[in-house]
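**Q** Residue numbering for the sequence shown follows my numbering, beginning at 4 and increasing consecutively. I'd like to ask some things about the structure below.
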Amino acid sequence: MKGIQTESESYQRHSRVRQLTGNGVQENLSVSHLDTSRKMTFQPTSFQNLSIAVLDGLQNSTNSTGCQDAEAWSWVYAHGPAYISIICALGILLNLFVLIVFCFHNKPCTVAEIFLGNLAAADLILVCCLPFWVVNIANSFNWPFGQFLCKAVNVGIKINVYCSTYFLVLVSIDRYIALVHGLSHGRLRRPKYAKLSCVITWGFGLLLSIPAFIFREVEYFPLYGVHACYLAYPSQTIELFYNGALIFLSFLLPISVISFCTWRIICALKKQAIDRINAEKTEQKATILVLVVLLVFLFCWVPFHLATMLDLLLKAHILTGCNLEIALDICNQFFTYMGFFNSVLNPILYVVVGKNFRKKVQELSKQWRNKRRLTESTRSNVSSTLKTLV
């Protein structure tokens, strides 16, 4: 990005290469690896960087600023696709399991369960989009799915980024109201309001994902011999503004709300423990599960967003330096792997920590067994009746 030409000329010269991306959370591209293999490899973890190996005869590997980083990327190229495949398989199975339990249990879901069920749906959208990029990597980053899926897949991933965060905001607010303002604001904790909040959140996530749909393009790059799905920002100003909005709306704003609610929830739980209040045991169990889910979410995604903020400062030339750029690129890979893994951890947490969820699983299993017995009994009675008539 640091060319000797004017800003606009330099941006146009580098943008098409730098904005090829795998997943579209940050959605930028850097030419970070050149070797003799003539392959394109996707760095799925940062959603931001693409490694391209296209030039013959180069003995050294450099990024767009001339920084040496070939060895640093080797582990990403070797293990990234397999890791994404595992996340896809586990995430689809586990989140489907959670949705089946919430949807088919004969008792209506609580407010917290409505939010957690929608969170599972958002995670399911993410893991269902990732296989497209596994195929993309195997196809030497030659996008085989056409223009519409280039846009739709990345919109799906962006929706997960926003919606999963704001469903956790909603669930933290719900726990805050239940434990801190249960008497004065308890009427707000009704399933119909929870469902309305989820509809608004999905709409909000879709609205914020529109830029990904607008700027995503499939274009042939003769230098690399591929039709690539990339972000065609009109200018660097729009790119910086869009990434800045991503940081604020998907990290700074929700993390502030979640932190405040979590702090008040912990204070309320301590007070109840001191006062030995046992009347709200169900609320406390649900709150413990929510707190664990929130803490795991923060552990998985906060490092990624912090790295995103540093990357934005690099793009704005506020921070500079090869070592910082290389370290940040590698950290982005690792931190986004952590973020992906959150979509697998949530269903596991429901089973391990959520006593109410385990109870729902047992009740649903019993419900299906009873239904099967009833069906078999009905068939037996019908068969006996027919034999009698004959």
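Don't be surprised by glycine CBs; every beta carbon is placed ideally from N, CA and C.
Mark H320 as exposed unless 16 or more other C-beta atoms lie within 10 angstroms of its C-beta, in which case mark it buried.
**A** Within the sequence shown, numbered from 1, the residue matching residue 320 stands at position 317. The residue in question, H320, is exposed, as its Cβ has fewer than 16 Cβ neighbours within 10 Å.
**Q** With H, G and I counted as helix, E and B as strand and the rest as coil, what does DSSP make of Y340?
**A** For the purposes of this step, residue 340 is taken as residue 337 along the sequence shown, with counting starting at 1. Three-state result, Y340: helix.
**Q** When we look at the beta-carbon of G399 and count the other beta-carbons within 10 Å, is it buried (16 or more) or exposed?
**A** Absent from the model: residue 399. The displayed extent of the chain is 4 to 393, so no value can be given.
**Q** Leaving out five residues before and five after S367 in sequence, what residues of the same chain have Cβ atoms less than 7 Å from its Cβ?
**A** Numbered from 1 along the sequence shown, position 364 holds the residue referred to as residue 367. Residue identity check: residue 367 is Leu in the sequence provided, not Ser. Here the set comprises V104, F107, H108.
**Q** May I ask you to verify whether the segment 249-262 touches the segment 165-172, counting CB pairs closer than 8 Å and requiring at least 3?
**A** yes
**Q** Which class does Y236 belong to by DSSP, given the choice of helix, strand or coil?
**A** Here the question's residue 236 lines up with position 233 in the sequence shown. Residue state, collapsed to three classes: coil.
**Q** Please go through the same chain and pick out, in chain order, the residues whose beta-carbon is closer than 7 Å to the beta-carbon of N145, but skip the five residues on each side of it.
**A** Residue mapping note: residue 145 aligns to position 142 of the sequence shown, counting from 1. Cβ neighbours of N145 beyond the five flanking positions: V229, H230.
**Q** Do you know offhand how far I213's Cα is from L377's?
**A** Position 210 of the sequence shown, counted from the start, is the residue given in the question as residue 213. Position 374 of the sequence shown, counted from the start, is the residue given in the question as residue 377. Their Cα atoms are separated by approximately 49 Å.
**Q** In whole angstroms, give me the CA-to-CA distance for N373 and N345.
**A** Reading the sequence shown from its first residue, position 370 is the one you call residue 373. Reading the sequence shown from its first residue, position 342 is the one you call residue 345. N373 and N345: Cα-Cα distance of roughly 35 Å.
**Q** Just verifying my parser: in three-state terms, what is the DSSP assignment at L58?
**A** Within the sequence shown, the letter at position 55 stands for residue 58. Note that L58 scores a pLDDT of 27, beneath 50, so its modelled location is shaky; the value from the coordinates is reported in the next line. Note: L58 maps to coil in three-state DSSP.
**Q** Could you say which of P111, S175, I90 lies nearest to V296 if we only look at CA atoms?
**A** Within the sequence shown, the letter at position 293 stands for residue 296. Nearest option by C-alpha distance: S175.
**Q** Could you please give the first and the last residue of the uninterrupted beta strand (DSSP E) stretch that includes Y223?
**A** For the purposes of this step, residue 223 is identified with residue 220 of the sequence shown, where counting begins at 1. Residues 219-224.
**Q** Please identify the residue among A92, L102, A115, T113 whose C-alpha is closest to the C-alpha of C132.
**A** As a working mapping, residue 132 is identified with position 129 in the sequence shown. Measuring from the Cα of C132, the nearest candidate turns out to be A92.
**Q** Just to confirm the assignment, what range does the alpha helix (DSSP H) spanning I321 have?
**A** Along the sequence shown, one-based indexing puts residue 321 at 318. Element bounds for I321: n/a, residue is neither H nor E.
**Q** Give me the Cα-Cα distance between P134 and L152, rounded to the nearest whole angstrom.
**A** Within the sequence shown, residue 134 is the residue found at index 131, counting from 1. Within the sequence shown, residue 152 is the residue found at index 149, counting from 1. Taking the straight line from one Cα to the other gives about 12 Å.
**Q** At the level of alpha carbons, what is the spacing between F360 and A197?
**A** Here residue 360 corresponds to residue number 357 of the sequence shown, with the count starting at 1. Here residue 197 corresponds to residue number 194 of the sequence shown, with the count starting at 1. If you take the alpha carbons of F360 and A197, they lie about 19 Å apart.
**Q** Could you give the C-beta distance for V101 and P350, rounded to a whole number, given that I count them as a contact under 8 Å?
**A** Along the sequence shown, read from residue 1 onward, the residue named residue 101 stands at position 98. Along the sequence shown, read from residue 1 onward, the residue named residue 350 stands at position 347. With a Cβ gap of about 5 Å, V101 and P350 count as contacting.
**Q** What number of angstroms, rounded off, separates the C-alpha of N139 from the C-alpha of Y340?
**A** For the purposes of this step, residue 139 is taken as the residue at position 136 of the sequence shown. For the purposes of this step, residue 340 is taken as the residue at position 337 of the sequence shown. The straight-line gap from Cα to Cα measures roughly 18 Å.
**Q** Looking at C-beta atoms only, is the number of pairs between the segment 176-185 and the segment 306-319 that lie closer than 8 Å three or more?
**A** no
**Q** Comparing alpha-carbon positions, which option in L234, I291, Q275 lies nearest V354?
**A** Position 351 of the sequence shown holds residue 354. Checked all of L234, I291, Q275; the closest Cα to V354 is I291.
**Q** Could you give the DSSP three-state label for V229: helix, strand or coil?
**A** Translated into positions along the sequence shown, residue 229 becomes position 226. V229 falls in the strand class under three-state DSSP.
**Q** Let me know if N63 comes out buried or exposed under the rule of 16 or more other beta-carbons within 10 Å of its beta-carbon.
**A** Position 60 of the sequence shown, counted from the first residue, corresponds to residue 63. At N63 the pLDDT is 34, less than 50, meaning the model places this residue with poor confidence and gives no usable figure here.
**Q** In three-state terms, what does DSSP make of V356?
**A** Within the sequence shown, residue 356 is the residue found at index 353, counting from 1. Coil.
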